[in-house]
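Have a look at the structure below before the remarks.
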Amino acid sequence: MSMRKAKQPKRERWGLLESIQTFIPWPKNEYYDTMRSRNARHGVAFILPLIIGFIVFMVMPLFQSLYMSLCEVQVTQGIWTFVGIRNYQYAFGTDPYFNQRLVEEIGRMAINATATLVLSFVIAVILNQEFKGRTLARAIFFLPVILSSGVLPGIESQNEFYNMMQGISDEVANASGVNLSAALQDLLAVSGMGSGVFDVLFQMIDSIYDIVMASGIQIIVILSGLQSISPSLYEAADVEGCTAWEAFWKITFPMVSPLLLVNCIYTIIDFFMKNDNRVMERINEVMYSQFRFGEASAMSWIYFGVALLFIGISSLIISKGVHYYED
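Our numbering applies: residue 814 is where the sequence shown begins, and numbers increase by one.
This is the structure in structure tokens:
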């Protein structure tokens, strides 16, 4: 007695038309009744409240902001005068700070995002091991997620006691006359070693607090991926004589590689939205101090475009090394 297997559409055949057919039960098609289609419909149903909220509350302000970036806005009179790309020309060619801060923040983002991804991956691998106090260690590494919430950074920056202690710390460092980071950097420069590499390295060291504070979500995402790997894969690799190092690169890393792409996108977005971002500070200064809403909107759209560009580039690069289980 022969059993007929359901015809499964090939992965490479899925385009826009096939994706639409995934959600249309009639007329009957080969894409609607597959496991992949059911998973897609469940995923869309799960994020449907977010989609509805975005359409209702975000679409109109988004287009208003885009139109504002093309206008000269007179706030007191409520007049919007269309000026074309003049606000974008002001942002690129006239504003004395925007371009400089944009370049600085892009460089800082590239360094901090790379360090955050590497650190979160290493910590997740360590926390996935069996050792005493593992639950406490996981809770400690999750604390940055709570401490870096929107409320506490504001309290931290506006707290007089915190500012006083920070000032005392800076005064002690200046009074001692010893800056270990600068001294070590000068020593390595005198020894003839490459200065560019060590500039990046010491920038990471100086930003270690921000990197650790930004790695909580990434650690949880990677840890969930590590725990979803079947132990039978490692048992089979052990039977075949694979070392722990080989098992890591042949099993662990490929299995969690899709999550690295997710973490990369999240890290870039999180960095571009940080409270201490100097580009955001400049945009707020132009908008709320100078009341130049058109120029501020143009700067915001430029900043948004740069963020999308880096997300696209990083996704394109990382996706080359992503391995999917169904492949």
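Idealized CB from N, CA, C, for every residue including glycine.
- Trp1058: not part of any beta strand (DSSP E); member of the alpha helix (DSSP H) spanning 1057-1060, first to last residue.
- CA-CA distance, Glu1098 to Leu949, rounds to 42 Å.
- Around the C-beta of Trp1058, fewer than 16 other C-beta atoms lie within 10 Å, and the residue is accordingly described as exposed.
- Secondary structure of Val888 (DSSP, three-state): coil.
- Note: Phe1117 is not bridge-paired with any residue in the DSSP secondary-structure output.
- By the Cβ criterion, the region 1068-1086 is not in contact with the region 847-861, since fewer than three pairs of Cβ atoms, one from each stretch, lie closer than 8 Å.
- In the three-state reduction of the DSSP assignment, Phe1106 falls in the helix class, which pools H, G and I.
- Assigned with DSSP and collapsed to three states, Thr847 falls in coil, not helix or strand.
- Take the alpha-carbon of Ile860 and the one of Val1025: they are about 29 Å apart.
- For the options Leu1122, Ile1124, Thr1065, the alpha carbon positioned closest to that of His1136 is the one of Thr1065.
- Counting C-beta atoms within 10 angstroms of its own C-beta, Thr929 has 16 or more neighbours from the protein chains shown and is therefore classed as buried.
- For Val888, same chain residues with a beta-carbon under 8 Å away, outside a window of 5 residues either side, are Phe1104, Phe1106 in chain order.
- Residue state for Thr894 is assigned as strand, using DSSP reduced to three classes.
- Within its own chain, the residues whose Cβ lies closer than 6 Å to the Cβ of Ala1111, once the five positions on either side in sequence are excluded, are Ser882, Asn900, Tyr901, Ala904, listed in chain order.
- When DSSP states are grouped into helix, strand and coil, Thr835 belongs to the coil group.
- Judged by their CB atoms, Asn1090 and Glu917 are not nearer to each other than the 8 Å cut-off.
- Following the DSSP letters along the chain, one finds Gln1031 inside the alpha helix (DSSP H) bounded by residues 1029-1040.
- Just measuring C-alpha positions, the residue of Ala923, Leu863, Met873, Thr835 sitting nearest Ser1127 is Ala923.
- The shortest CA-to-CA distance from Val1075 to any of Ile833, Gly906, Gly1125 is the one to Gly1125.
- The three-state secondary structure of Ser1127, taken from DSSP, is helix.
- By the neighbour-count criterion, in which a residue is buried when 16 or more other Cβ atoms sit within 10 angstroms of its Cβ, Ser933 is buried.
- Annotation for Leu940: Arg947, Ala950, Arg951, Phe954, Ile1032, Leu1036 place their beta carbon closer than 8 Å to its own, counting only its chain and skipping 5 residues before and after.
- For Phe944, no alpha helix (DSSP H) encloses it, and the DSSP letter there is neither H nor E.
- Within the same chain, Cβ atoms closer than 7 Å to the Cβ of Val1069 are found at Ile1035, Gly1038, Leu1039, the five residues on either side in sequence being excluded.
- A Cβ-Cβ separation of about 16 Å leaves Ala1109 out of contact with Phe1085 under the 8 Å criterion.
- For Phe1066, the enclosing alpha helix (DSSP H) stretches over residues 1066-1085.
- Distance between Ile1096 and Arg854, taken at the CA atoms: about 40 Å.
- In the three-state DSSP reduction, His1136 falls in the coil class, being neither helix nor strand.
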